[in-house]
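Residue numbers (the numbering used here): 3 to 502.
Even for Gly, the Cβ is constructed at its ideal location relative to N, Cα and C.
Written below as structure tokens is the structure these notes are about.
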């Protein structure tokens, strides 16, 4: 059976010759048994709407371990007919280098097939659009007012390809299916780990001194640790793995880096699923409650339910916006009137907020968990005369309580077991589980992706061994990926040529 398959909705949708018997209908693909050797699947169905044939081809392809383009995430991130502004903003920078055209030309359209377009003046734009959207067939509409801009991007299906573009389409398809493979350097020689950081972040998860220590430990292990920034996105695929040391959020570039690393087959911390799950406290609350992980009493609050919950909830209580971090977006309400004011303000940012019982302790436990196992433990003490670990000033300043590292063997058994259960529900990444230990029991407050790790703080008990364990995790994950390729029928020493 071919290692590449092209899936279409109807046989007639693929009007070109098929000498290698690579074309299959969606109905046949969905009904076939799982392939013993996962393949590269090109989904050219007519529609990718939720629960459509195209949607199920990509969904089941991913579940079967096949490499599908577009995957579910790709077409979920872009509306079927509208182009999301965050993509347009990046791609329009390439239009600044657009070739000069007569002033009478006010608009034009580009058909893009696997990053190829007939108008070679816009080749760079076409390649960038394919790289960002991971969608095989696109039409990009451009318009000129004071300058050229992207008016719209539309997903095409094979029926939309004009006969005059046959050569370009087939060349793009063939290039995609026959990307060059190369012999990479063995993992035992040099392994390149990209560490994404923001030098301007006032609250980074790891300070510069810590990243310097990671570089030094990496050098001892023959791991080349390279600090990169947001501007280095185009060269991400040059590395073997990605370690995100910026505050993560789904709407910003950290999530885009994680998604691309995952698409490139690179081990990444934190992975996109962990970012989605950890950065939204509503998701976490439902996940933990559904698996009987003890948490303080937590309720989801919407504007419609505000009056009823105000009258039912005990005070004081904690009010949280779902995507807050570093104690930002977390406030305490002492009365119904305070709750109403806080909720009114937060509900302008989010349709849903959380109300949580207030639990007072001298410190919070932070258990660092990597791949389901405890990595470090620390006590985070409340800032003096404040109810949180971190106190934020109106001017953007912050103060925080002391951190005390604790050897894992000295952590109370119930604290450790509860933390591991919570982290394992989220995934296999690197997490910081915050817990409160009280007379009533142990309660999980949050599971954080991208937890703080700093020299003299979280690493005080383990020292350099903490960094060695993280680096060994990346090496082990890369080895696992090679083994999966071997099982899939690929040489364990070959990997897809990584784009620059």
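Considering only residues of the same chain and omitting the five flanking positions on each side of residue 333, which have a CB-CB separation below 7 Å? 321, 344
Measure how close the beta-carbons of residue 155 and residue 50 come, nearest whole angstrom, since I'm counting them as under 8 Å. That belief does not hold up - the Cβ atoms of residue 155 and residue 50 are roughly 14 Å apart, past 8 Å.
To the nearest whole angstrom, what separates the beta carbons of residue 108 and residue 146, a pair I think is in contact under 8 Å? 5 Å
Nearest residue (CA-CA) to residue 296, options 485, 449, 70: 449
By DSSP's criteria, residue 433 is part of a beta bridge. Which residues make up the other side? 371, 451
Using the Cβ count rule (16 or more neighbours within 10 Å means buried), how would you classify residue 18? exposed
Residue 418: buried (16+ other C-beta within 10 angstroms of its C-beta) or exposed? buried
Taking a contact to mean a Cβ-Cβ separation below 8 Å, would you say residue 384 touches residue 365 in this structure? Yes.
Ranges of the alpha helix (DSSP H) found wholly within the stretch 122-146, counting only runs of at least 4: Counting whole runs of 4 or more residues, the stretch 122-146 contains the alpha helix (DSSP H) stretches 125-135.
How should residue 420 be labelled, buried or exposed, when 16 other C-beta atoms within 10 angstroms of its C-beta is the threshold for buried? Counting Cβ neighbours within 10 Å, residue 420 comes out buried, since at least 16 surround it.
Only counting the same chain, and skipping five residues up and downstream in sequence, which positions put a Cβ closer than 8 Å to that of residue 167? 113, 115, 120.
Going by beta-carbon coordinates alone, are residue 193 and residue 225 separated by less than 8 Å? yes
What span of residues does the alpha helix (DSSP H) with residue 420 cover, start to end? 415-428
Could you give the distance in angstroms between the alpha-carbon of residue 478 and the alpha-carbon of residue 206? Going from the Cα of residue 478 to the Cα of residue 206 covers about 26 Å.
Specify, as a first and last residue, the run of the alpha helix (DSSP H) that residue 149 falls within. First-last for residue 149: undefined, no H or E at that position.
Do the CB positions of residue 16 and residue 164 come within less than 8 Å of each other? no
Thinking C-alpha only, which one of 35, 39, 37, 57 is nearest residue 10? 57
Going straight from the alpha carbon of residue 251 to that of residue 277, what length do you get? 7 Å
Supposed close pair residue 432, residue 272 - CB separation, criterion 8 Å: 7 Å
Give me, in chain order, the residues of the same chain whose beta-carbon lies closer than 6 Å to that of residue 457; leave out the 5 immediate sequence neighbours on both sides. 211, 212, 215
With a threshold of 6 Å on Cβ separation, who are the neighbours of residue 97 within its own chain once the five nearest residues in sequence on each side are excluded? 150
Closer than 8 Å to chain C by CB, residue 286: Among the chains of the structure shown, chain C does not appear; only one protein chain is present.
Tell me which residues share the same chain as residue 354 and place their Cβ nearer than 8 Å to its Cβ, disregarding the 5 neighbours each side in the sequence. So the list reads 284, 302, 303, 304, 324, once near-sequence residues are dropped.
Bridge partner(s) assigned by DSSP for residue 319: 335, 359
Delimiting residues of the beta strand (DSSP E) encompassing residue 111: Element bounds for residue 111: 109-115.
Short of 6 Å in beta carbon distance, which residues of its chain neighbour residue 90, apart from the five on each side in sequence? Order them along the chain. 152
Using a Cβ-Cβ cutoff of less than 6 Å, which residues in the same chain neighbour residue 444 once the five nearest sequence positions on both sides are dropped? 416, 417, 420, 437
Helix, strand or coil: how does DSSP classify residue 69 here? strand
Residue ranges of each beta strand (DSSP E) run of no fewer than 3 residues wholly in the stretch 193-233, ordered along the chain? 193-198, 225-230
Express the C-alpha separation of residue 446 and residue 426 in angstroms, rounding to a whole number. One C-alpha to the other measures close to 13 Å.
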